[in-house]
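Numbered by full-length UniProt numbering, the letters in the sequence shown go through residues 1 to 55 in order.
Notes follow once the structure below has been shown.
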Amino acid sequence: MNSIVTEIANIIKSEDNYIKRERKIICFFLNLIKEIMALALAKVDDEMITKVKAQ
């Protein structure tokens with residue numbers, strides 16, 4: 001969680017232009033959501049495989 005906050009703070013500090021800053025923050029969150037969804041789907045997939053093998 002601290003690394004996420006640090007990355008957001010770095011993005012905010014790195015850009016003076018509000019539009020560029022907003023775009024970078026949006027891209028950051030979209031990539032973060034993509035990574036979280038990939039991990040969640042992989043976990044569900046592993047659980048389903050384990051459940052099917054048990055049957």
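C-beta: ideal position from N, C-alpha, C; glycine also.
- Secondary structure note for E47: its alpha helix (DSSP H) is the uninterrupted segment Y18 to A54.
- Going by DSSP, E7 is part of the alpha helix (DSSP H) stretching over N2 to S14.
- Inter-residue distance for V44 and A54 is about 15 Å (C-alpha atoms, whole angstroms).
- For I11, same chain residues with a beta-carbon under 7 Å away, outside a window of 5 residues either side, are R21, K24, I25 and F28 in chain order.
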